[in-house]
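S.K.: Below you will find the structure I want to go over with you.
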Amino acid sequence: FFFFFLLLMSLYRAVRVMSTTSFDLLVIGGGSGGLGLARRAAEFGVKAAVVEKGRIGGTCVNVGCVPKKVMWYTATMNEMLHDAKDYGFDVENKGLDWGMLKTKRDAYIERLNGIYDRNLEKGNIEKIQGKAVFVDAKTLDVNGQLYTADKIVIATGGYPTIPNIPGAEFGITSDGFFELEELPKKAVVIGAGYIAVEMAGILNALGTDVTLSIRHNEFLRTFDESVRQQLMVEMEKDGIRVLKHSHMQEIVKQDDGLLNAAFSVDEGEDTMIEGCDTVLFAIGRTPHTDIGLDKAGVELNSEGFVQVDEFQQTTAENVFAIGDVCGKFLLTPVAISTGRKLAHRLFEPNPKSKQNWEFIPSVIFSHPPIGTCGYTEEEAVEEFGRDNLKIYRAKFTAMYHAMTERKQATLMKLITTGPLEQVVGLHMIGQGCDEMLQGFGVAMKMGATKAQFDSVVAIHPTSSEELVTMRG
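The sequence shown begins at 3 in our numbering and counts up one residue at a time.
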């Protein structure tokens, strides 16, 4: 019997070896970062595969940036329809056909999924469908099949955090927002980050009665004070109720299916918001790390993200990590850029290739949008000292609103330092700020000074001309 047992074990090990598929590179996660890395690596002749348990494209394509921007455009369109009469148009807004919009939006996302799949095929990159779990630092188990690689990259991203409160199952996250079959009449959004203000702004602009619950006195607390305070003014002016210093306690579902959301308020009376169609949680995101990291010797940092060095190296020699799972600059373009730089370092090879974290431009698709790049004023004071800064500000009403009853301020701010007044911070809020920022980000990356900004001939009449004409 013992001999028979040993024979079975030997056969089992042989089958496991025979069923193992080897690659030069395995990427766990088919989101923007993982795909960017795999495609760039394939250009260097690397045999690569991407493991994805869900839809290709990850959060950004399926339940993030892309469908969110469609909804932002939709909300902006509704605002412009409201303004049309002020430009002399006799326009009757008969409302939004949410079902038609959702169908077209979902079809667009499916087309993008197909494009990503075809790009993998063109790059001779294998797509492995399923959840990857580490067996060891060079081996993954996906649905019982073993895959090995000299280099493994973790690009698993994250997922929306759900609070541990009674009735949380009745709420939705930003993922669930894109599954809604109709526009909510009344909604509560919980959170103080950019996803929360974006969701609240979209719903409000489409006509939903919106309450935004935040734990402190302000939202967007990591952003520059000027833009976050101006956004608060604009959102409250647009009719969003901001419930400050509030903490959700429970959600109760009524017999008619509507929801009651209960909050405690610091140094205030408890609040109950009744009759809501939707309660949306936007309180943060949790990294996807349940992939057997301990088997590979990959450690997490104190905040639960994968620990990496400046070259995206984890605590395991041949395992790397990029994107949201690392917890730094949780932005799609950052993940793509970091992934491509890692591919160059590992496979070109270019040993100095790594992400530069300075002057990364980013946009919040709020109403109105925010564009920001570089140091906030608070950060600049800490880094350079107040006496070494010169700050320029402009606040005005964009020309678009000269004709409209609905008014909206535009605010811009430049933070400069040193005798040459290098521009180290640019922050703005207002119509069009989202599309203005990219070019100024290039200038800041090149170390542009205020004098160099001023040397550029202004484009008139535009809002962006303020950035090259500001006076002290």
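Just so it is clear, CB atoms sit at the ideal spot from N, CA and C, and this is done for glycine as well.
Quantities reported herein were computed from a predicted structural model and do not represent experimental measurements.
Any idea what DSSP makes of E128, helix, strand or coil?
M.R.: strand
S.K.: Tell me whether the beta-carbon of A460 lies closer than 8 Å to the beta-carbon of V426.
M.R.: It is not a contact, given that the beta carbons lie outside the stated cut-off.
S.K.: Below 8 Å on the Cβ atoms is my guess for L114 versus V52; work out the distance and round it to an integer in Å.
M.R.: The Cβ separation is near 16 Å, so there is no contact.
S.K.: How should P353 be labelled, buried or exposed, when 16 other C-beta atoms within 10 angstroms of its C-beta is the threshold for buried?
M.R.: exposed
S.K.: Under the assumption that E350 contacts F25 (Cβ atoms under 8 Å), give the Cβ distance between them as a whole number of angstroms.
M.R.: Contact flag wrong, Cβ pair sits at about 18 Å.
S.K.: Among V470, D436, S457 and I372, which one has its Cα closest to the Cα of V199?
M.R.: Cα-wise, what sits closest to V199 is I372.
S.K.: Is DSSP giving L333 helix, strand or coil here?
M.R.: coil
S.K.: Is the Cβ-Cβ distance between G59 and Y110 less than 8 Å?
M.R.: no
S.K.: Does the separation of the CB atoms of A50 and V29 fall below 8 Å?
M.R.: yes
S.K.: So the alpha helix (DSSP H) D85 belongs to, where does it begin and stop?
M.R.: C67 to D85
S.K.: What are the partner residues of R395, as DSSP defines its beta bridges?
M.R.: K415
S.K.: Identify whether F265 lies in helix, strand or coil by the three-state DSSP scheme.
M.R.: If DSSP states are grouped into helix, strand and coil, F265 belongs with the strands.
S.K.: What number of angstroms, rounded off, separates the C-alpha of F367 from the C-alpha of I431?
M.R.: 10 Å
S.K.: I need the straight-line Cα distance from L1 to F225, nearest angstrom please.
M.R.: The structure shown does not extend to residue 1, since the chain is modelled only from 3 to 474, so the question has no answer here.
S.K.: Is M448 buried or exposed, if buried means 16 or more other CB atoms sit within 10 Å of its CB?
M.R.: exposed
S.K.: Going by the beta-carbon positions, is the gap between L282 and T175 smaller than 8 Å?
M.R.: yes
S.K.: Tell me which same chain residues have a C-beta within less than 7 Å of the C-beta of G299, skipping the five on either side of it?
M.R.: Take G299, set aside five residues on each side of it, and the residues of its chain with a beta-carbon closer than 7 Å to its own are A139, T317 and A318, in chain order.
S.K.: I'd like the list of long-range same chain contacts for A40, defined as Cβ closer than 6 Å, with 5 residues on each side in sequence excluded.
M.R.: Only residues of its own chain outside the window of five on either side were considered, and among them V29, A50, V52 and I127 have a CB closer than 6 Å to the CB of A40, listed in chain order.
S.K.: Whole-angstrom Cβ separation of G35 and G325, contact assumed at under 8 Å?
M.R.: Confirmed, Cβ separation roughly 4 Å.
S.K.: If you follow the beta strand (DSSP E) that R287 is part of, which residue opens it and which one closes it?
M.R.: R287 to P289
S.K.: At 4 residues or longer, what runs of the alpha helix (DSSP H) sit wholly inside the segment 144 to 181?
M.R.: Listed in chain order, the complete alpha helix (DSSP H) runs (minimum 4 residues) inside the segment 144 to 181 are 176 to 179.
S.K.: Below 8 Å on the Cβ atoms is my contact criterion, and I expect T288 with Y161 to pass it. Report the Cβ-Cβ distance as a whole number of Å.
M.R.: That pair is a contact at about 6 Å.
S.K.: Contact check, I216 vs A194 under 8 Å by CB: the rounded distance?
M.R.: Their Cβ separation, rounded to whole angstroms, is 4 Å, which keeps I216 and A194 in contact under 8 Å.
S.K.: Measuring alpha carbon to alpha carbon, tell me which of G90, A411, V72 and V135 ends up nearest K104.
M.R.: V72
S.K.: Check this for me: beta carbons of F172 and I253, under 8 Å apart or not?
M.R.: yes
S.K.: Going residue by residue through the segment 409 to 463, where are the continuous alpha helix (DSSP H) segments of at least 4 residues, counting only ones entirely within it?
M.R.: 435 to 447 and 452 to 457
S.K.: Classify R217 as helix, strand or coil using the three-state DSSP reduction.
M.R.: coil
S.K.: Check the DSSP bridge columns for H249 and list the partner residues they point to.
M.R.: Answer by DSSP bridge pairing, in chain order: S266.
S.K.: Would you please state the rounded distance, in angstroms, between the beta carbons of V229 and H403? I believe it to be under 8 Å.
M.R.: Rounded, the Cβ-Cβ distance is 18 Å, inconsistent with contact.
S.K.: Which one of M274, H369 and H84 has the shortest CA to CA distance from V190?
M.R.: Out of M274, H369 and H84, M274 has the C-alpha closest to the C-alpha of V190.
S.K.: Put M274 into one of helix, strand or coil per three-state DSSP.
M.R.: Strand at M274.
S.K.: Tell me which residues share the same chain as V137 and place their Cβ nearer than 8 Å to its Cβ, disregarding the 5 neighbours each side in the sequence.
M.R.: D143, L148, G294 and K297
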